[in-house]
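Data first, discussion second: the structure below is written as structure tokens.
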Amino acid sequence: MKRAPPIARRAHERGVASLEFVLMLPFLLTTLFGIIDTSLILTDKAIITNASREAARSGVTVHVPVLTTTQIQTVALNYLNNNLVAGGTASTPTVTVSQPSGTSSGDPLTVTVSYTYNGIVLGSAFSAITGSVTLSAATTMNYE
1 MKRAPPIARR
11 AHERGVASLE
21 FVLMLPFLLT
31 TLFGIIDTSL
41 ILTDKAIITN
51 ASREAARSGV
61 TVHVPVLTTT
71 QIQTVALNYL
81 NNNLVAGGTA
91 STPTVTVSQP
101 SGTSSGDPLT
111 VTVSYTYNGI
121 VLGSAFSAIT
131 GSVTLSAATT
141 MNYE
């Protein structure tokens, strides 16, 4: 059997690299968008945690008169509106304020923030299969 000259062999193998790239491209894009969605989820989780902390802190500090639950919720919602990274369709965060013992010095105040993350590309595709990702954070502080 006669071997083809090196130039003819290279011309024959030229399409192999293109074929390998086309086969690997969907996996590479899936990984890239998965990394982006995961980063946005982690960013939103940090922002939600900070919003609950900010609201709880503003609620327990000395104010005359004491802040109402609506005012404490407004602090958290303002923080979220200014900082939350909404991937895809934005959902409205839910803020709940719990004062089980009242508003006297030493009594606990709990602020809970929940947010449904819908994702950009893969997040919205996976949400149709697995459901949305709900992020939540709670902060408890005692009144001063």
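Each step along the sequence shown adds one to the number in UniProt numbering, with nothing skipped, and position 76 is 76.
C-beta atoms are modelled at their ideal positions from N, C-alpha and C, and glycine is treated no differently.
Predicted model, so just to flag it, every value in this text is computed and none were measured.
Each of V62, H63, S58 and P65 was checked against the Cα of L77, and the nearest Cα belongs to S58. Within 10 angstroms of the beta-carbon of P93 lie 16 or more other beta-carbons, which makes it buried.
In summary, E54 is buried, with 16 or more beta-carbon neighbours lying within 10 Å of its beta-carbon over all protein chains present. Excluding residues up to 5 positions away in sequence, Y115, T116 and N118 lie with their Cβ nearer than 7 Å to the Cβ of S91 in the same chain.
CA-CA distance, V66 to S101, rounds to 14 Å.
DSSP places N142 in the uninterrupted beta strand (DSSP E) bounded by V133 to N142.
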